[in-house]
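Per this note's numbering, residue 1227 is the first one in the sequence shown, and the count goes up by one each step. Think of the CB as a built atom: it goes at the ideal place given N, C-alpha and C, for glycine as much as any other residue. Nothing here was measured: the structure is a model prediction, and the numbers come from that model.
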Amino acid sequence: MSNDGKRFAGKTAVVTGGASGIGLAILRRLLAESAAVVCADVDPERLRTVEAEFESDSILCVQTDVTKEREIEELVRSAVGRFGVLDCAFNAAGASRPGYLVDLTEEAWDYTVDLCLKGVFLCMKHQARQMLAQGAGGAIVNIASLNAHVPMHAGAAYASAKAGVEMLTRNGALEWTDQGVRVNAVLPGLVQTPLTRRHFGNPEALAAFKARIPLGRPAQPEEIAGPALFLASEDATYVSGASLLVDGAWAVSGYPDMRPFRGTPKWRAGSEIA
Ligand SMILES: NC(=O)c1ccc[n+]([C@@H]2O[C@H](COP(=O)([O-])OP(=O)(O)OC[C@H]3O[C@@H](n4cnc5c(N)ncnc54)[C@H](O)[C@@H]3O)[C@@H](O)[C@H]2O)c1
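Below, the structure is given as structure tokens:
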């Protein structure tokens, strides 16, 4: 996948979850298109790997936990301190602790929803404050999921959070588009990243996914990065509040039954499990 244009020359972008998977593919593509990029991730080891790979004046790595408001404020301050301005933000940090609804602990729910939903809210809040204060517009792209529309077994917390991200995106668009800050979401289907290692390590599970994806294969992270950059680019100046499905047409066929690969719920009526 290539774009030899320089659509982001002179622009500064923040990428959360930028040290792995989809975020890293976005970061690579932004650098290739001449942006200055701030890579925010909670994982210091992954950040060191990014720093070592890119050794460039155009990149700044900032260890950030997106569930902590003070760390996000510091992230935005660091971005502006180093590059002077914030033009674009890609909110890709995410993960989940799965569990059937009857088994799901409060801790697992809080982990997933805090990271995938509250984290995006906090990032949007401080990214938009900076862009609005600058007065020159901006673009925020949130990485939601096909699961914003389609539930999955043992995935209630994740799917609920991602549905929330879609509504946060629309709400941001409602509040800021008149000031030139566009907000959009990308809804990926199955993408081969460390997050989905479990599925890729299980040939039967992978076959069940592929059977439901009309394109017949999962995506590579670069195939999500392209559409994400489009939404932040000058090619999308009239796009705000949109959800872009990037799923190989999976949404039209629905999710596979994942129960054979997740096992059965542990809780039984009359059992003692909390
Ligand atoms: N891989 C898929 O199939 C898929 C599908 C749909 C949506 N998504 C979404 O895409 C986004 C990126 O996922 P990925 O597949 O690239 O996963 P990934 O695990 O490769 O990358 C996620 C990154 O987020 C970072 N992160 C985790 N918690 C964080 C926190 N509290 N603060 C800051 N960073 C944190 C991790 O360290 C990691 O580097 C996620 O929001 C995910 O939900 C992924």
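Drop a sphere of 10 angstroms on the beta-carbon of residue i, count the other beta-carbons inside from all chains shown, and report buried for 16 or more, exposed for fewer.
i: T1331; result: exposed
i: S1282; result: exposed
i: R1494; result: exposed
i: L1455; result: buried
i: Y1464; result: exposed
i: E1449; result: buried
i: G1249; result: buried
i: S1246; result: buried
i: P1414; result: buried
i: V1328; result: exposed
i: L1400; result: exposed
i: G1427; result: exposed
i: S1371; result: buried
Quick one: what's got a C-beta closer than 6 Å to residue i's C-beta in the same chain, skipping five residues either side?
i: A1365; result: C1314, R1408 and A1458
i: V1367; result: F1316, N1410, A1454, L1457 and A1458
i: R1261; result: Residue 1261 is actually Ala in this sequence, not Arg. If we look at A1261 and ignore the five residues flanking it on each side, its Cβ neighbours are F1234, K1237 and A1239.
i: F1309; result: T1238 and A1262
i: A1374; result: K1388, A1389, E1392 and L1413
Starting from the C-beta of residue i, find all residues in its chain whose C-beta is less than 8 Å away, skip the five residues before and the five after it, and write them out in chain order.
i: A1475; result: I1439, P1440 and L1441
Which same chain residues, not among the five before or five after residue i, have their C-beta less than 7 Å away from its C-beta?
i: A1437; result: P1482
i: G1345; result: V1292, T1293 and A1319
i: S1466; result: A1399, T1403, R1408, V1409 and N1410
i: V1311; result: T1238 and Q1360
I want to check one thing, is the minimum distance from the CB of residue i to the heavy atoms of ligand 3 below 8 Å?
i: T1275; result: The model on display carries ligand 1 but not ligand 3.
Three or more C-beta pairs below 8 Å linking the segment 1321-1336 and the segment 1379-1391: The segment 1321-1336 makes contact with the segment 1379-1391: 3 or more CB pairs, one atom from each, lie closer than 8 Å.
So, does the segment 1480-1492 touch the segment 1444-1451, judging by three or more C-beta pairs under 8 Å? Taking a contact to require three or more Cβ pairs closer than 8 Å, the segment 1480-1492 and the segment 1444-1451 do not qualify as touching.
Which ranges does the alpha helix (DSSP H) cover as unbroken runs of at least 4 residues, wholly within the segment 1285-1357, from first to last along the chain? List check, alpha helix (DSSP H) in window: 1295-1309 and 1332-1339.
Inter-stretch contact (C-beta, 8 Å, three-pair minimum) for the segment 1422-1435 and the segment 1384-1392: The segment 1422-1435, when compared against the segment 1384-1392, does not touch it at the 8 Å Cβ threshold.
Cβ contact (3+ pairs, closer than 8 Å) linking the segment 1396-1406 and the segment 1273-1289: No contact exists between the segment 1396-1406 and the segment 1273-1289.
Contiguous alpha helix (DSSP H) assignments of at least 4 residues, all confined to the segment 1359-1421: Assignment of alpha helix (DSSP H) within the segment 1359-1421, counting only whole runs of 4 or more residues, yields 1382-1402 in chain order.
Note down, one range per segment and in chain order, each beta strand (DSSP E) of at least 3 residues found wholly within the segment 1253-1282. Positions of the beta strand (DSSP E) runs, each at least 3 residues long and wholly inside the segment 1253-1282, are given as 1262-1267 in order along the chain.
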